[in-house]
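S.K.:
Number of protein chains: 2
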Amino acid sequence: MPYYIGDVVKDHKLLIARTPEKFKSAGIEIRLSTEVHSIDYPQHYVECSGNERIPFDILVLALGAEAVVPGIEGIRKPGVFFLRNLEDAIAIKGWLREKKIEKVVILGAGFIGLEMAEALKMAGIQVTILHKAKWPANRWDEELSSFMHEILVARGVEFVPEVEVKEIDDGERGLLVKTDKGNWEAGLVLVATGVRPDVRLARSVGAALGRSGAIAVNFNQKTSLDDVYAVGDCAEVFHRVSKKWVNFPLGDIANKQGRVAGRNIGGRPMVFEGVVGAQSFRLFELECAATGLSEKEAVDAGYNPVSTIIWGSATAPSMGRKRLGLKLIADKSTGRILGAQAVGLEGAVSRINVLSVALFAEMNLDQIGYLDLAYAPPFGPAWDIVHVAAQTLKRMI
Amino acid sequence: MPYYIGDVVKDHKLLIARTPEKFKSAGIEIRLSTEVHSIDYPQHYVECSGNERIPFDILVLALGAEAVVPGIEGIRKPGVFFLRNLEDAIAIKGWLREKKIEKVVILGAGFIGLEMAEALKMAGIQVTILHKAKWPANRWDEELSSFMHEILVARGVEFVPEVEVKEIDDGERGLLVKTDKGNWEAGLVLVATGVRPDVRLARSVGAALGRSGAIAVNFNQKTSLDDVYAVGDCAEVFHRVSKKWVNFPLGDIANKQGRVAGRNIGGRPMVFEGVVGAQSFRLFELECAATGLSEKEAVDAGYNPVSTIIWGSATAPSMGRKRLGLKLIADKSTGRILGAQAVGLEGAVSRINVLSVALFAEMNLDQIGYLDLAYAPPFGPAWDIVHVAAQTLKRMI
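Protein sequence lines, in the order shown, are assigned to chains W and P.
Letter 93 of the first sequence, counting from 1, is numbered 276 in my numbering, and no numbers are missing.
Letter 104 of the second sequence, counting from 1, is numbered 287 in my numbering, and no numbers are missing.
#1: In angstroms with no decimal places, state the Cα-to-Cα distance between phenylalanine 264 (chain W) and valine 336 (chain P).
#2: Near leucine 507 (chain P), what residues of its chain come up, given a Cβ to Cβ distance below 8 Å and the 5 sequence neighbours on each side ignored?
#3: My output table needs one value for glutamine 181 (chain P): the three-state DSSP class, helix, strand or coil.
#4: Which residues in the same chain have their Cβ closer than 6 Å to the Cβ of asparagine 447 (chain P), if we skip the five residues on either side of it in sequence?
#5: Hey, how far is the Cα of isoleucine 237 (chain W) from the Cα of glutamate 230 (chain W)?
#6: Identify the residues that DSSP records as bridge partners of lysine 577 (chain W): which are they?
#7: Are any of the Cβ atoms in chain P nearer than 8 Å to that of arginine 338 (chain W)?
#8: At a CB-CB cut-off below 9 Å, which residues of chain W make contact with glycine 561 (chain P)?
#9: Step through the CB atoms of chain W and report whether any lies within less than 8 Å of the CB of aspartate 190 (chain P).
#10: In whole angstroms, what separates the C-alpha of glycine 189 (chain W) from that of alanine 274 (chain W)?
#11: Which residues mark the beginning and the end of the beta strand (DSSP E) in which valine 382 (chain P) is found?
#12: Kindly list the residues whose CB is nearer than 6 Å to the CB of lysine 405 (chain W), restricted to its own chain and excluding five residues on each side of it in sequence; keep chain order.
#13: So which residues on chain W does tyrosine 558 (chain P) lean against when the C-beta distance must stay under 8 Å?
#14: List, in chain order, every chain W residue whose beta-carbon is nearer than 8 Å to that of tryptophan 566 (chain P).
#15: Please list the partners that asparagine 536 (chain P) has in chain W, where partner means a Cβ-to-Cβ separation under 8 Å.
#16: Do you know how far the Cα of aspartate 240 (chain W) is from the Cα of glycine 415 (chain W)?
#17: On the criterion of 16 or more Cβ atoms from any shown chain inside 10 Å, does methionine 184 (chain P) qualify as buried, or is it exposed?
#18: Under 8 Å between the Cβ atoms of leucine 242 (chain W) and aspartate 410 (chain W)?
#19: Between the C-alpha atoms of leucine 373 (chain W) and threonine 311 (chain W), what's the straight-line distance to the nearest angstrom?
#20: Based on the DSSP output, what are the partners of histidine 220 (chain P) in its beta bridges?
#21: State buried or exposed for alanine 573 (chain W), treating a residue as buried only when at least 16 other CB atoms are found within 10 Å of its CB.
#22: Please determine if the region 287-300 of chain W and the region 311-320 of chain W are in contact, where contact requires at least 3 C-beta pairs separated by less than 8 Å.
#23: Which residue comes first and which comes last in the alpha helix (DSSP H) that contains lysine 361 (chain P)?
#24: Comparing the C-beta of valine 458 (chain W) with each C-beta of chain P, is any distance below 8 Å?
#25: Of all the residues that make up the region 398-425 of chain W, which are near chain P by a beta-carbon distance shorter than 9 Å?
#26: Counting only Cβ-Cβ distances shorter than 7 Å, please list the residues of the region 500-534 of chain P near chain A, keeping chain order.
#27: With glutamine 440 (chain W) and alanine 418 (chain W) assumed to form a contact (beta carbons below 8 Å), what rounded beta-carbon distance in angstroms separates them?
#28: Please list the terminal residues of the continuous alpha helix (DSSP H) segment that includes tryptophan 278 (chain W).
#29: Are any of the Cβ atoms in chain P nearer than 8 Å to that of alanine 300 (chain W)?
#30: I'd like the span of the beta strand (DSSP E) that includes phenylalanine 467 (chain W), first residue to last.
#31: By Cβ distance below 6 Å, which residues in the same chain neighbour glutamate 256 (chain W) in space, the five residues on each side in sequence not counted?
#32: Would you check if the distance between the CB atom of valine 157 (chain W) and the CB atom of valine 540 (chain P) is smaller than 8 Å?
#33: Taking a Cβ distance cut-off of 7 Å, strictly less, list which residues of the region 361-374 of chain P are near chain W, in chain order.
#34: Identify, in the order they occur along the chain, each residue of the same chain with its Cβ nearer than 6 Å to the Cβ of alanine 385 (chain P), setting aside the five sequence neighbours on each side.
#35: Could you check what DSSP says for aspartate 483 (chain W) in three-state terms: helix, strand or coil?
#36: Taking Cβ-Cβ distances below 7 Å as the criterion, which residues of the region 541-555 of chain P are in contact with chain W?
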């Protein structure tokens, strides 16, 4: 009988609490609030809170990631929150409600910080984002992230670029965030400066880590240790474009890895062919999406990238314009697509999904430039922005 | 200097009239309202209205399609309109306005008839659709077209299934459509019962026709005659799934063929790798889209199809449900995808586009079941309906 332990269970506590019977009837025991202190790999058991020992035939490590804690004085003060799991979400909501918070400072403008800015602003709270770089969402090209910036500002979010946070002190509203560009009062500070794989237990039993720092796995999700699998944010995943094993802590990838491990453990073996780096988030009325490699990553992976940015519309001109920008990156030597980024009032995610399949299948610019897509004016022009970008880029090679 | 003649010019008259200088400066002469009576292929000239002869080195046939005229008495009465070109659209609009038409009968519930029903209804006109079959849009599975039917009826369009039109007579509102299920008064009757390729000129010069009845072309858009190309609705196109040459009269395919012919004529040769049959239309709040082969077409093409229909949502449950149905068809022997159909309040077109690329790349169900798509709750669940359908179908094989 398999046991599921660790953070994955903690994150899904509410869901699981609602369906214990479903698990039970499938012969699966769920232990909530059960922390695993150590693993005895030679003896094949884990040791939990209360020194209870639970034996295993197969062990699945689904340990997730932990928030990166910036080395800032005061970062552990009450009112400073990290974004990691359900408990964090409940604690943040409680603090906002109980303290009647009117002003939040967010550290970091990655996609998680931006999603939080939207959610808080929609709840009527003033938001300031303090960001190390010049533009939000550094995965996207400046020309596209400046579109995000435009929407952020139009919606009343204060965005402070190129700022270094020095200290979090007590302040009039509760906290005072001190930076090299001035001080900001806040009732709550959200730290969204990234995550890293939680590999402590894996390292303790000698499971090999990959170059990314996450747990190394094979195409079946098996680690370097027999009978031990790893899935989700704590594990590496094969990137089909860079051909490297990377750590890509996204929920849909974790889901896939879990099922792949399950199939292999359960006797219906399968290979996980890997990811292409597809990702999206919403920012108010904007769709933001990306896939594949950036130009820098492409160079690092040994390619010779060339790129173009096309501005167009997600619908045919007769249906009114819906501004949409698409950056396409291809390899100069082979004409093969390497990556894409899109930001638009509509249609960004659907274009990135089309290009994600094209990346999976290693298609070239001539194929993408003449792809058969389901054309109708409400959903795009006869020459979609995907076609235009591919043909434009092809002419540059 | 190339000349562009025939229906393609007629259709785009307004557009072209607005940009004559652009064409002129590119060295292209456009002759509007110039009908080509005959082609002298051995002497390489076409004969136009006024017996003018225009010589050619290369001839491009872009003759389009003609409306199928059902053998119904009264089908040529004033007030009965076909849907073919810009003149038809102008005449229909004029008739609606001048006669203050309140009631329109549409013959045929293909996607063109349905799009017209939406447009007329939105303009405040009563609409009745008379349709031969039981459900609208026969390319889609009954379970999906019954969703279309639900929306049609909810929006107040009268849909009469399994009806045979006997005669169009004079009536109180102008016209009386007599059928085996009763009579319908109408101020205007729209015939939307399909089109067929216009191959008269091609046949007159001995260009080979394909099995579909359209002009046979190669992967460069060249016909069986040297120096003669054919593009658009009058020509065949290679279907990458059935591996057959077919006639698929859609605007985006015509655009692609035109550009492929242009590249080959202009000295930058390219191959058109063909289509997968992607298509979409909007019906009020519904997105309707399809790609690849239906089960019947799959059998005809020599496959062993198996299919499933999944009902889900275009967004994650936390974002509110947007009902979306997806039918997926695959080959039992190889597990390769053969076709898909989708109807939904959101997200149908984007799923069909993803699956169109998968069809282009000949992907199998295991690959599609674990495809890396840009996941975020506003745009879909972590396991997208595409994944669920592919995994479900895989279990059935």
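For each residue, glycine too, the CB sits at the ideal point set by N, CA and C.
Computed from a prediction, not measured in an experiment: that's the story for all the values here.
M.R.: If we stick to the structure as given:
#1: In the first sequence, the residue the question calls residue 264 (chain W) occupies position 81. In the second sequence, the residue the question calls residue 336 (chain P) occupies position 153. Whole-angstrom Cα-Cα distance: 52 Å.
#2: Along the second sequence, read from residue 1 onward, the residue named residue 507 (chain P) stands at position 324. Contacts found: Trp494, Gly495, Ser496, Ala497, Ala525, Val526, Gly527, Leu528, Glu529, Gly530, Ala531, Arg534, Ile568.
#3: No information on residue 181 (chain P) is available, as it lies outside the stretch 184 to 580 that chain P covers here.
#4: Position 264 of the second sequence, counted from the start, is the residue given in the question as residue 447 (chain P). Result list for asparagine 447 (chain P): Asn403, in chain order.
#5: Along the first sequence, one-based indexing puts residue 237 (chain W) at 54. Along the first sequence, one-based indexing puts residue 230 (chain W) at 47. Pairing isoleucine 237 (chain W) with glutamate 230 (chain W), the inter-Cα distance amounts to about 6 Å.
#6: Locating residue 577 (chain W) in the first sequence gives position 394, counting from the first residue. Beta-bridge pairing links lysine 577 (chain W) to no other residue.
#7: Within the first sequence, numbered from 1, the residue matching residue 338 (chain W) stands at position 155. For arginine 338 (chain W), the answer is no, since every Cβ of chain P falls outside 8 Å of its Cβ.
#8: Counting from 1 along the second sequence, the entry for residue 561 (chain P) is found at position 378. Before going on, a small fix: residue 561 (chain P) reads as proline here, not glycine. Correct list: Ser463, Phe464, Arg465, Glu470, Val532.
#9: For this step, residue 190 (chain P) is matched to residue 7 along the second sequence. Model confidence at aspartate 190 (chain P) stands at a pLDDT of 36, short of 50, so the residue's coordinates are unreliable and nothing is read from them.
#10: If you number the first sequence from 1, residue 189 (chain W) lands on position 6. If you number the first sequence from 1, residue 274 (chain W) lands on position 91. Here the model assigns glycine 189 (chain W) a pLDDT of 38, short of 50, so the residue's position is not dependable and the matter cannot be decided.
#11: Taking the second sequence and counting its residues from 1, one reaches residue 382 (chain P) at position 199. Looking at the DSSP string, valine 382 (chain P) is not in any beta strand (DSSP E), and its letter there is neither H nor E.
#12: Taking the first sequence and counting its residues from 1, the one referred to as residue 405 (chain W) is at position 222. Correct list, in chain order: Tyr412.
#13: Taking the first residue of the second sequence as 1, we reach residue 558 (chain P) at position 375. Result: Leu433, Gly434, Asp435, Ala461, Gln462, Ser463.
#14: Here residue 566 (chain P) is taken as the residue at index 383 of the second sequence, counted from 1. Counting only Cβ-Cβ distances below 8 Å, tryptophan 566 (chain P) has contacts in chain W at Asp435, Asn438, in chain order.
#15: Position 353 of the second sequence, counting from 1, holds the residue named residue 536 (chain P). Under the 8 Å cutoff, chain W gives Ser533, Asn536, Val537, Leu556, Ala557.
#16: Position 232 of the first sequence, counted from the start, is the residue given in the question as residue 415 (chain W). Position 57 of the first sequence, counted from the start, is the residue given in the question as residue 240 (chain W). Distance between the alpha carbons of glycine 415 (chain W) and aspartate 240 (chain W) is about 20 Å.
#17: To locate residue 184 (chain P), count along the second sequence from 1; it is residue 1. The pLDDT assigned to methionine 184 (chain P) is 32, lower than 50, so where the model puts this residue is not dependable; a value taken from the coordinates is nonetheless given after this. By the 10 Å Cβ count, methionine 184 (chain P) comes out exposed.
#18: Numbered from 1 along the first sequence, position 59 holds the residue referred to as residue 242 (chain W). Numbered from 1 along the first sequence, position 227 holds the residue referred to as residue 410 (chain W). It is a contact, given that the beta carbons lie within the stated cut-off.
#19: For this step, residue 373 (chain W) is matched to residue 190 along the first sequence. For this step, residue 311 (chain W) is matched to residue 128 along the first sequence. Leucine 373 (chain W) and threonine 311 (chain W): Cα-Cα distance of roughly 10 Å.
#20: The residue labelled residue 220 (chain P) in the question sits at position 37 within the second sequence. DSSP lists no partner for histidine 220 (chain P).
#21: Numbered from 1 along the first sequence, position 390 holds the residue referred to as residue 573 (chain W). Under this definition alanine 573 (chain W) is a buried residue.
#22: yes
#23: Within the second sequence, residue 361 (chain P) is the residue found at index 178, counting from 1. Careful: lysine 361 (chain P) lies outside any alpha helix (DSSP H), inside the beta strand (DSSP E) at 357-362.
#24: What you label residue 458 (chain W) is simply residue 275 of the first sequence in a count that begins at 1. Chain P, which has a Cβ nearer than 8 Å to the Cβ of valine 458 (chain W), makes this yes.
#25: If the cut-off is 9 Å between Cβ atoms, the region 398-425 of chain W has Arg423 near chain P.
#26: Although the question refers to chain A, the structure presented lacks it and instead comprises the protein chains W and P.
#27: Indexing the first sequence from 1 puts residue 440 (chain W) at position 257. Indexing the first sequence from 1 puts residue 418 (chain W) at position 235. Rounded, the Cβ-Cβ distance is 6 Å, consistent with contact.
#28: Your numbering for residue 278 (chain W) matches position 95 in the first sequence. From DSSP, the alpha helix (DSSP H) with tryptophan 278 (chain W) extends over 269-281.
#29: In the first sequence, residue 300 (chain W) corresponds to position 117, counting from 1. Chain P, which has no Cβ nearer than 8 Å to the Cβ of alanine 300 (chain W), makes this no.
#30: For the purposes of this step, residue 467 (chain W) is taken as residue 284 along the first sequence, with counting starting at 1. Counting along the chain, phenylalanine 467 (chain W) falls outside any beta strand (DSSP E), and DSSP gives it neither H nor E.
#31: If you number the first sequence from 1, residue 256 (chain W) lands on position 73. Its chain contains Glu350 as the residues whose beta carbon lies nearer than 6 Å to that of glutamate 256 (chain W), once the 5 sequence neighbours on both sides are disregarded; these appear in chain order.
#32: The structure shown does not extend to residue 157 (chain W), since chain W is modelled only from 184 to 580, so the question has no answer here.
#33: none
#34: Along the second sequence, read from residue 1 onward, the residue named residue 385 (chain P) stands at position 202. Cβ neighbours of alanine 385 (chain P) within its own chain (closer than 6 Å, five residues either side excluded): Leu244, Ile398.
#35: Here residue 483 (chain W) refers to the residue found at position 300 when the first sequence is read from its first residue. Correct three-state label for aspartate 483 (chain W): helix.
#36: Ala541, Phe543, Ala544, Met546, Asp549, Gln550, Tyr553, Leu554, Asp555
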